[in-house]
Every structure is written in structure tokens, then in C-alpha cells.
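Position 103 of the sequence shown, counted from 1, bears residue number 220 in our numbering, the numbering being contiguous throughout.
Worksheet: one structure, shown below.
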Amino acid sequence: MRGPMSGPAEEAEAATDGRADSPADADERAPASVRRLRPTTQRTSGRERHEEKITVYVSSEELFALEQARLVLRAEHGVAVDRGRLVREAVAELLVDLEARGEDSMLVRRLRP
118 MRGPMSGPAE EAEAATDGRA DSPADADERA PASVRRLRPT TQRTSGRERH EEKITVYVSS
178 EELFALEQAR LVLRAEHGVA VDRGRLVREA VAELLVDLEA RGEDSMLVRR LRP
């Protein structure tokens, strides 16, 4: 449901509510000329206040793996990041791969039935 304060985060959340969209719905939402998948900055946003928010549900195993990755980054590589930053970096890499490789991208391969 769109309200006066809704934005891209709410639209993205609404798009993942479990309903199957028809191809016509997808055509109405996004212009065909839009191809840029990654933010214009070369690096993802770091530790700063973010105005947009999404909710992502993960299994306990996925959350454990995410936390383990965070701890490995700190202990073995000297990189201290929070889970949000780790997720933003992972998403950014998947989007770059999708834009560069399209049909052969990891995201398409993993999501295709």
C-alpha cells in the first residue's frame, strides 16, 4: 500500500509480498530504458545514517553464517563491519555482476528455477 511517505523501500517491500506480478505489471513499474543497477558511487555507503530501509527475513542458519562472515572479516582480515554494511556490499557485488554478465550472472543462475 502506497502512502504519502512511501518510497522505493516500501515499493520494494510491496513487490516481494508473495504475489506473482504479470509481465504487464513489470512493464508499467520500470521504464525499459533503465539499466543502471548500481548506485552512482563506486563504493557502497559505509557507516552513515541511511534514510531508506527494507526488512529482510533470514533463517537462523543464514543469520549465523552472516555473523560468522563478519567475525572472520574482523579476526582474519582486520576488517570491522556491521551486518548491514556486509549485506550492502554483497548486494552491490551481485548487482555489478548482474549488470556485467546478465543471463550468466550468479543472481540469475541462483534465482532461476
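All C-beta atoms in this analysis are idealised placements derived from N, C-alpha and C, irrespective of residue type, glycine included.
Here the structure is a predicted model, which is why all the values come from computation and not from measurement.
- Non-local beta-carbon contacts of residue 181 in its own chain, meaning distances under 6 Å to residues more than five positions away in sequence, are absent.
- Membership of residue 189 in the alpha helix (DSSP H) is indicated by the continuous run 177-194.
- In this structure, the straight-line span from the alpha carbon of residue 211 to that of residue 166 is close to 23 Å.
- For residue 172, the closest alpha carbon among the candidates 204, 185, 222 and 225 is that of 204.
- According to the DSSP assignment, residue 202 belongs to the alpha helix (DSSP H) that extends over 200-218.
- For residue 229, the secondary structure class from DSSP, reduced to helix, strand or coil, is coil.
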